[in-house]
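One structure is given here, and the rest of the page talks about it.
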Amino acid sequence: MSEAQYNHRFIEHKWQQIWREKELYKVENGTRDGKPKFYALDMFPYPSGAGLHVGHPLGYIASDIVSRFKRLNGFNVLHPMGYDAFGLPAEQYAIQTGQHPAKTTEDNIRRYRQQLDRIGFSFDWSREVRTCDPDYYKWTQWIFKQLFNHWFNTRSNKAEHIDNLVAIFEHEGNINVQHSGDKADDFIAEEWLEFTPKEREKILQKYRLAFKKETTVNWCEELGTVLANEEVKDGLSERGGYPVIKKKMSQWFLRITAYAPRLLDGLNTIEWNDSLKEMQRNWIGQSTGAAIDFNVEGQTEKLPIFTTRPDTLFGATFMVLAPEHPWAKTFASKDQFKDVQEYIGRSLNRSERDRMSDVKNITGVFTGRYAIHPFTGQQLPIWIADYVLGGYGTGAVMAVPAHDSRDFDFARHFKLPIVQVIKGDEPFPGDASYDAKDGTCINSDFLNGLSVKEAINRALEEVERRKIGKRQTNYRLRDAGFGRQRYWGEPIPILYKHGIPSPLPDSELPLTLPDVTSFKPTGTGESPLAALDTWTDTDHGKRETDTMPGWAGSSWYFLRYMDPDNEQVFASRDAINYWGQVDLYLGGAEHATGHLLYSRFWTKFLYDLGMLPFDEPFKKLVNQGMIQGIIESIYLRKEKIDGEQILKCATLLSEEEKENDFVKIPVLVDFIRDYEKTDAPSYMDLQSLKLFIDWRPEFQNGKFICKNGVWQNGIFEPNGDDYEPVLFTASEIGKMSKSRFNVVNPDDICEEYGADTLRLYEMFLGPLEDAKPWSTSGIDGVYRFLRKFWKLYVDKDGNYLPTDAKPDAANLKTLHTLIGKVQDDIDRMSLNTCVSSFMIAVNELTAQNCSSKEVLDNLIVVLSPFAPHIAEELWERGGHSNSVVEARWPRFQEKYLIENTKNYPISINGKTRTQMEFPVDMDKAEIEKLVLANDSVQKWLEGKAPKKVIIVPGRIINLVI
RNA sequence: GCCUCGGUGGUGGAAUCGGUAGACACGCAGGACUUAAAAUCCUGUUCCCAUUGCGGGAGUGCGGGUUCAAGUCCCGCCCGGGGUACCA
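Numbered per our numbering, the first sequence spans residues 9 to 969.
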């Protein structure tokens, strides 16, 4: 059967089947003809129960276009897809329904796969990975083991095996070891040899890249579990809204901070957009300054602080310790002791909520003790306050109220002295600190007269000369928590023998997740695994019951695609050498400081181990913007009136009422009239209201106050003559999500318009990186374009139109303009403009009545990365026996674009007034003569000579008069 | 607050190196075909003035500047999105 009309359902189904049967998208690690490689990667999805919405495929479509384009251009392209399949939602669902997360995950993956298949991607599915597959997480566990067995040597600036460290300890103790880790007490070789195994391990934990540490966690008593920061909103659990407090727990961590400098430097070697790099830089938060030790009255131990402003040293008028500071509890003088204890107790037990809502409330307590200013010898009172963070720097600061706003607020509140030491252009403000870094030092002894920049250096020199401190670089970045007290994650392959953690031998990997019947938290803060004695208790010790976080599996998955079935290593050296870095990585910016930082960290670590030839995973990265949805909601009065729920039309409410007296109830957007319309407000009519109360029966007796009357219990009492209610709804742009009832499913679009239209339309919406609301207005234009394209090849009786007719100059110009434009635009990821160019080309060729098969075949190839199904169909109808995927990208030939005349815009004082055509090789003098003779120009000159004539060959002519 | 990206017709957007602002599409208006509808095709569509025709003026968030020429570069604001926040 040969259809005459463009029938997307038939064509797309047909070709998806053929592609699958022929395994057309399978790639090998290497080619006989030595094609160059190209690795295009998408951030793999978490397969949620909601399925894909139209936002998900945006990036996949873009990377698919690039992959297909590269393939046509002779590259061997790796373009895989898989699933980030461990995670909380599946576990949450399991707790609620009792269904095993493995089963729901499997179901969700099947659904995702069906949805993805409908869009016509060129994924090599034989390489699919799933992070929850034991054959996969075996290697996640293996990498964890390596992290456990390595430490970071600051001298060599890389990770080294822990055995080397032990060897050093045995020889000379730890005095000469420079590492990036926690401070360990000095010891000598003899002492090391006498330590018990437990003591040794305690020390090694301070060096290992995977280690355990006491830390405060978000503990929720009601849920009986530990929560991630993201799960805590305003001090309450996001789910349920129960109070969350801080609790000390021993947790696994990865020492990502060891790599902070390299993570920072590496950013200069990769092509990511600036805002993303900036986000990572901020997150790593390098700051350079001075570590200075202050003497404390009445004790020999000094108080170390960190400051980035040593130039303001003479402005320090007091010191502040964090409540978490190790000295805090025991430090206070006798008469202040009780107050200090109380304050510390209060602030440490304060829930997150109190601390958050209390930012403006200045609190602190004097310890009754003093530090000595190293240069002036003055007494500086030492305070404890929770505006100083325990986890940053040394947990103590020298307070310079004149030049730090936080110190200033504190000083003013407690009436502490404020001494100005930097003079800016403006007079010193009395009601705020002067934090800026320009000005001149005053009241600062040997720093007087120096600029801030000079003074910082001078002060640092002096501090080092007097040996009271040194230059230091600090990072904001924290070590990454790696343990979750959850079931649905990779088990951490550790056994505790007499309380000493040791990794499982490789032969016992993967350590598979045991089956459990209850996924509920144990209530003790341990994972559900802890309840399984048969699993935790082994002959060799007790198993770790924490599991890994979601980001473990995703930190290295791009390597596994290279060699997904390898049972010996995570990926063979050959495969890694062949594919190398990811050439193009596409995904959302929301992973900027999580996944993208962690995978860079793991890559650098594996590089240090000599297992990778590169230390940055993603050479080029593009963030696709979010596709937002339009959220429709109806206003519900917070308080009932006469026991009735009041739902009111948006146009009848003032901004104040909306803000204070009403809440928005999201409405399933299918019920809404004029949804997505930009020129008319959305509303609900009689049918919408009926659907709404069926859907949300709790509102069935509600009083709906409409624009034109009141509708209640199915009866409408109009204000005027209308017989049908009209109730305007609130529309706002926001996330597309199940909970906002505004999800648009790609399957529906594929059914109605086809995958090719969906692909083109998603690209046509606008620049890839911009966020944009989904709206189907406009999708018809793209669909129309495909039908127009079809009609170049097939007439209304189904006959194939192209002939051997020789292409004319106009045909070739159109074609090559397109080829040039599309290849340029794909290179710079400007895919929306590609679609416009296709439309222009098809419009032109239609107008030219082009029937040249040569031209039209090339047109198919150029369109095929964007709309592969229609391309295959027309390619086949043109008598080709191979797939269009195996075609070659046409060679762009500029000669067809060259014109021998140019239509110049003639502007007067920069404003275009007329146009004139000149041969491109005409000399300027000749052009000028003709321009001045032009009627229109004459009119503007009014008989005078122009002041200046600018002729830019091939571009523009401008006359200044 | 800080960092970062942006602000162009009724709408999505284009203008890649400082050189004809509004490509392409949606929507809208008018027309052709049709018994009618769908589909398709044609014409118009930044705004204002003029309109019989020719024209003229303004215009890329606001105010300045550089330049023969500015959406594009510089300075100062305003607004919006994203990120981040007692990080000393």
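All C-beta atoms, glycine included, are put in the ideal place defined by N, C-alpha and C.
Using C-beta distances below 6 Å, list every residue in its chain close to Tyr-593, excluding the 5 sequence neighbours before and after it, in chain order.
As a first step, residue 593 is located in the first sequence; it is residue number 585 there, counting from the start. Excluding sequence neighbours, Tyr-593 sits near Leu-49, Phe-626 and Leu-629.
So does the segment 885-892 actually touch the segment 862-871, counting three or more Cβ pairs closer than 8 Å?
yes
Reference Leu-676; option with closest CA among Ser-696, Asn-668, Pro-689 and Phe-670:
The residue given as residue 676 occupies position 668 in the first sequence. For the residues Ser-696, Asn-668, Pro-689 and Phe-670, the minimum Cα distance to Leu-676 belongs to Ser-696.
Answer with buried or exposed for Tyr-616, where buried requires no fewer than 16 other C-beta atoms within 10 angstroms of its C-beta.
Residue 616 sits at position 608 when you count from the first residue of the first sequence. Here the sequence assigns Asp to residue 616, which means Tyr is not the residue at that position. Looking at its Cβ environment, which holds 16 or more other Cβ atoms inside 10 Å, Asp-616 is buried.
Kindly provide the ranges of any beta strand (DSSP E) runs that are 3 or more residues long and lie completely inside the segment 602-674, ordered along the chain.
629-631, 635-645, 654-656 and 670-674
Beta-carbon contacts of Pro-318 that lie in its chain and below 6 Å, excluding the five residues immediately before and after:
As a first step, residue 318 must be located in the first sequence, where it is residue number 310. Only Ala-298, Ile-464, Ala-467 and Leu-468 meet the Cβ criterion.
Write down every uninterrupted run of the beta strand (DSSP E) in the segment 74-152 whose length is 3 residues or greater and which is fully enclosed by it, in chain order.
84-86
Count the C-beta pairs between the segment 75-85 and the segment 756-765 that are closer than 8 Å, then say yes if the count reaches three, no if not.
no
Counting only runs that start and end within the segment 145-203, where is the beta strand (DSSP E) found for 3 or more residues in a row?
158-161 and 166-169
Residue interval of the beta strand (DSSP E) (run including Asn-966):
As a position in the first sequence, residue 966 is number 958, starting the count at 1. 964-968 is the span of the beta strand (DSSP E), which, as asked, contains Asn-966.
Select from Glu-178, Trp-133, Leu-356 and Glu-309 the residue whose C-alpha is nearest the C-alpha of Tyr-378.
Locating residue 378 in the first sequence gives position 370, counting from the first residue. Considering only alpha carbons, the answer is Glu-309.
Assigned exposure category for Val-671 - 16 Cβ within 10 Å defines buried
Here residue 671 corresponds to residue number 663 of the first sequence, with the count starting at 1. It is exposed - the Cβ of Val-671 has fewer than 16 other Cβ atoms within 10 Å.
Rank Leu-356, Arg-216 and His-61 by C-alpha distance to the C-alpha of Pro-53 and give the top, closest one.
Residue mapping note: residue 53 aligns to position 45 of the first sequence, counting from 1. Closest by alpha carbon: His-61.
Express the C-alpha separation of Thr-909 and Asn-966 in angstroms, rounding to a whole number.
The sequence position of residue 966 within the first sequence is 958, counting from 1. The sequence position of residue 909 within the first sequence is 901, counting from 1. Taking the straight line from one Cα to the other gives about 18 Å.
Could you check where the alpha helix (DSSP H) with Asn-281 kicks off and where it finishes?
Within the first sequence, the letter at position 273 stands for residue 281. Taken as a continuous stretch (DSSP letters only), Asn-281 belongs to no alpha helix (DSSP H), as it is neither H nor E.
Please classify Thr-338 as buried or exposed, where buried requires at least 16 neighbouring CB atoms within 10 angstroms.
Sequence index remark: in the first sequence, residue 338 carries index 330 (1-based). With fewer than 16 Cβ atoms within 10 Å of its Cβ, Thr-338 is classed as exposed.
Go ahead and label Gln-576 buried or exposed: buried means 16 or more other beta carbons lie within 10 angstroms of its beta carbon, across all protein chains shown.
Counted from its first residue, the first sequence places residue 576 at position 568. With fewer than 16 other Cβ atoms within 10 Å, it is exposed.
What does the Cβ neighbour count give for Gly-447, buried or exposed, with the cut at 16 atoms within 10 Å?
Position 439 of the first sequence, counted from the start, is the residue given in the question as residue 447. By the 10 Å Cβ count, Gly-447 comes out buried.
Contact the segment 425-435 vs the segment 382-391: 3+ CB pairs below 8 Å:
no
Would Glu-652 be called buried (16 or more neighbouring beta carbons within 10 Å of its own) or exposed?
Residue mapping note: residue 652 aligns to position 644 of the first sequence, counting from 1. Under this definition Glu-652 is an exposed residue.
From Leu-455, Ser-459 and Lys-34, residue whose alpha carbon lies closest to that of Ala-444:
Along the first sequence, read from residue 1 onward, the residue named residue 444 stands at position 436. When each option's Cα is compared against that of Ala-444, the closest is Ser-459.
Could you check whether Ala-404 and Ala-330 sit closer than 8 Å to each other, using their CB atoms as the reference points?
Along the first sequence, read from residue 1 onward, the residue named residue 330 stands at position 322. Along the first sequence, read from residue 1 onward, the residue named residue 404 stands at position 396. Taking 8 Å as the Cβ cut-off, Ala-330 and Ala-404 qualify as a contacting pair.
I'd like to know whether the C-beta atoms of Gln-149 and Pro-501 end up nearer to each other than 8 Å.
Numbered from 1 along the first sequence, position 141 holds the residue referred to as residue 149. Numbered from 1 along the first sequence, position 493 holds the residue referred to as residue 501. Cβ distance < 8 Å, so Gln-149 and Pro-501 count as in contact.
Identity of the residue in Leu-800, Asp-41, Ala-817 and Ile-935 nearest Pro-810 by Cα
Numbered from 1 along the first sequence, position 802 holds the residue referred to as residue 810. The shortest Cα separation from Pro-810 among Leu-800, Asp-41, Ala-817 and Ile-935 belongs to Leu-800.
Beta-bridge partners of Trp-391, as assigned by DSSP:
In the first sequence, residue 391 corresponds to position 383, counting from 1. Paired residue(s): Val-328 and Phe-374.
Between Ile-959 and the rest of its own chain, which residues show a CB-CB distance below 6 Å, the 5 nearest in sequence each way excluded?
Along the first sequence, read from residue 1 onward, the residue named residue 959 stands at position 951. Closer than 6 Å at Cβ, skipping near neighbours: Lys-932, Ile-935 and Ile-965.
Check each candidate in Ala-875, Gly-59, Ile-313 and Asn-456 and name the one with the smallest Cα separation from Tyr-761.
Against the first sequence, residue 761 aligns to sequence position 753. That would be Ala-875, whose Cα lies nearest to the Cα of Tyr-761.
By how many angstroms is the C-alpha of Gly-491 removed from the C-alpha of Val-590?
The count along the first sequence starts at 1 and reaches residue 590 at position 582. The count along the first sequence starts at 1 and reaches residue 491 at position 483. Taking the straight line from one Cα to the other gives about 29 Å.
Trp-754, enclosing alpha helix (DSSP H) - first and last residue
If you number the first sequence from 1, residue 754 lands on position 746. Reading the sequence as shown, one finds Pro at residue 754 and not Trp. First-last of the alpha helix (DSSP H) with Pro-754: 754-760.
Bridge-paired residues (DSSP) for Ala-404:
Position 396 of the first sequence, counting from 1, holds the residue named residue 404. DSSP, once it has assigned bridges, lists Leu-329 as partnering Ala-404.
Considering only C-alpha positions, which residue in the set Arg-486, Ser-71 and Asn-161 is nearest to Ile-834?
Sequence index remark: in the first sequence, residue 834 carries index 826 (1-based). Comparing Cα-Cα distances from Ile-834 to each of Arg-486, Ser-71 and Asn-161, the minimum goes to Ser-71.
Does Leu-356 come out as helix, strand or coil in the three-state DSSP assignment?
Taking the first residue of the first sequence as position 1, residue 356 is located at position 348. Looking at Leu-356 - three-state DSSP - the assignment turns out to be helix.
Residues near Gly-717 in its chain [Cβ-Cβ closer than 7 Å; skip 5 each side]:
Numbered from its first residue, the first sequence carries residue 717 at position 709. Phe-724, Glu-725, Pro-726, Asn-727, Asp-730 and Pro-733.
Given this structure, state the Cα-to-Cα distance separating Val-35 from Tyr-47, to the nearest angstrom.
Walking along the first sequence from the start, residue 35 turns up at place 27. Walking along the first sequence from the start, residue 47 turns up at place 39. Near 11 Å, if we compare the C-alpha coordinates of Tyr-47 and Val-35.
Distance between beta carbons of Thr-481 and Thr-296, contact taken as under 8 Å:
Numbered from its first residue, the first sequence carries residue 296 at position 288. Numbered from its first residue, the first sequence carries residue 481 at position 473. 5 Å between Cβ atoms; contact.
Assign His-87 to one of two classes, buried (16 or more other C-beta atoms within 10 Å of its C-beta) or exposed (fewer than that).
Numbered from its first residue, the first sequence carries residue 87 at position 79. So His-87 counts as buried.
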